[in-house]
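S.K.: In terms of the UniProt record's numbering, the sequence shown opens at residue 1 and continues consecutively. Here a beta-carbon is modelled for each residue, glycine too, at the ideal position from N, C-alpha and C. Please find one structure pasted underneath; my questions will follow.
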Amino acid sequence: MIVWSVANQKGGVGKTTTTVTLAGLLSQKGHRVLLIDTDPHASLTTYLGMDSDNLSHSLFDLFQLKEFSEARVKALIHQTTIDNIDIMPAHMSLATLDRVMGNRSGMGLILKRALLALRDKYDYVLIDCPPILGVMMVNALAASDRILIPVQTEFLAMKGLERMVRTLAIMQKSRQRPFKVTIVPTMYDKRTRASLQTLTQLKQDYPSQVWSSAVPIDTKFRDASLKHLPASHFAAGSRGVFAYKQLLIYLERLAQDEH
Ligand SMILES: Nc1ncnc2c1ncn2[C@@H]1O[C@H](COP(=O)(O)OP(=O)(O)OP(=O)(O)O)[C@@H](O)[C@H]1O
Ligand SMILES: [Mg+2]
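Right, here's the structure in full:
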């Protein structure tokens with residue numbers, strides 16, 4: 001089981017889009033994929049056509065469990081309408097976790113422990129993070145083999161990225177293994193100077209961590225979200241999906257080298 005988190009404290013950079021598109025592509029290759037929506041706004045849950053307000057069970061319930069047996073964790077998972085993709089959906093109550101139990105010991109490792117119970121059930125787990133540093137992001141990062149950081153190729157993007165990199169550095173102190181990070185340039189528009197400059201800067205400042213290509217601006221992503229489908233299932237031949245296919249090849253190669 002390979003676990004990737006998609007995180008950036010900056011909002012609207014393409015986290016949810018990256019999560020759902022990679023999941024779509026992995027599922028089409030026959031992999032069993034589990035999505036975890038850790039954002040109280042439940043964008044990923046809503047994207048896949050589920051009504052977050054009326055869920056019988058969600059990720060929030062995981063934080064109430066006393067033990068993480070396979071049966072108990074599996075009971076919180078929903079099937080989606082897409083073959084090979086399941087989801088542990090978000091509920092807005094996740095926003096209360098920091099206040100209610102943020103200081104409890106072991107609180108940051110709950111997701112990691114839960115995923116351990118599912119390790120034979122899924123090939124890939126993709127975790128969509130909220131744009132805020134809190135208990136949910138800490139759980140996501142701790143559970144992950146790799147962190148994908150989408151960065152919108154525009155002015156001020158570097159500031160948001162620097163904040164995320166600082167967060168990782170702080171969290172790094174409490175773990176042995178270094179975080180593995182891939183920066184994913186998104187919403188790239190080759191006609192604008194801001195896009196070109198950001199890409200150049202990213203390659204200069206993070207040469208070993210940035211994916212050398214970029215996801216282009218593509219309206220198909222928005223259209224796909226309105227249809228509650230990953231772009232891979234809605235517009236398979238689009239240039240945006242092509243870019244995510246290239247990203248996936250790159251990530252799978254990195255994962256192979258690590259195993
Ligand atoms: N490559 C792209 N080209 C054009 N539009 C895109 C692209 N990627 C994402 N979008 C659109 O940009 C908007 C924000 O994307 P998304 O929801 O994935 O960002 P996010 O980082 O998850 O946001 P948040 O921080 O609010 O969770 C969405 O409307 C999405 O459809
Ligand atoms: Mg999102």
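Can the beta-carbon of residue 161 be found closer than 8 Å to that of residue 170?
M.R.: Going by C-beta atoms, residue 161 is not nearer than 8 Å to residue 170.
S.K.: Which of helix, strand or coil does DSSP assign to residue 210?
M.R.: Correct three-state label for residue 210: strand.
S.K.: Under the three-state reduction of DSSP, which class applies to residue 122: helix, strand or coil?
M.R.: Coil, per DSSP.
S.K.: Cα separation between residue 33 and residue 133?
M.R.: Their backbone Cα atoms lie some 25 Å apart in a straight line.
S.K.: Our contact map puts residue 3 next to residue 19 with C-beta atoms below 8 Å; I'd like the distance itself, whole angstroms only.
M.R.: The pair is not a contact, with the Cβ atoms about 12 Å apart (cut-off 8 Å).
S.K.: Could you check whether residue 126 and residue 35 sit closer than 8 Å to each other, using their CB atoms as the reference points?
M.R.: Yes.
S.K.: In the DSSP assignment, find the beta strand (DSSP E) that holds residue 87 and state where it starts and stops.
M.R.: Residue 87 -> beta strand (DSSP E) spans 85-88.
S.K.: Quick check on the DSSP output: the alpha helix (DSSP H) that includes residue 193 runs from which residue to which?
M.R.: Residues 193-205.
S.K.: If you follow the beta strand (DSSP E) that residue 6 is part of, which residue opens it and which one closes it?
M.R.: Segment 2-6, the beta strand (DSSP E) holding residue 6.
S.K.: Would you kindly work out how many angstroms separate the C-alpha atoms of residue 90 and residue 27, rounded to a whole number?
M.R.: Their Cα atoms are separated by approximately 21 Å.
S.K.: Determine the direct distance from the alpha carbon of residue 31 to that of residue 86, and round the result to whole angstroms.
M.R.: The alpha-carbon atoms of residue 86 and residue 31 are separated by roughly 11 Å.
S.K.: At a cut-off of 7 Å, would you count residue 43 as near ligand 1, judging by its Cβ distance to the nearest heavy atom?
M.R.: Residue 43 Cβ: within cutoff of ligand 1.
S.K.: Mind checking residue 71: buried by the 16 CB within 10 Å criterion, or exposed?
M.R.: When all chains shown are included, residue 71 counts as exposed.
S.K.: Excluding the 5 residues preceding and the 5 following residue 178 in the sequence, name in chain order all residues of the same chain whose CB lies nearer than 7 Å to its CB.
M.R.: Result list for residue 178: 172, in chain order.
S.K.: Would you mind listing the alpha helix (DSSP H) stretches within the region 131-169 that are 4+ residues and don't spill past its ends, in chain order?
M.R.: Listed in chain order, the complete alpha helix (DSSP H) runs (minimum 4 residues) inside the region 131-169 are 135-143.
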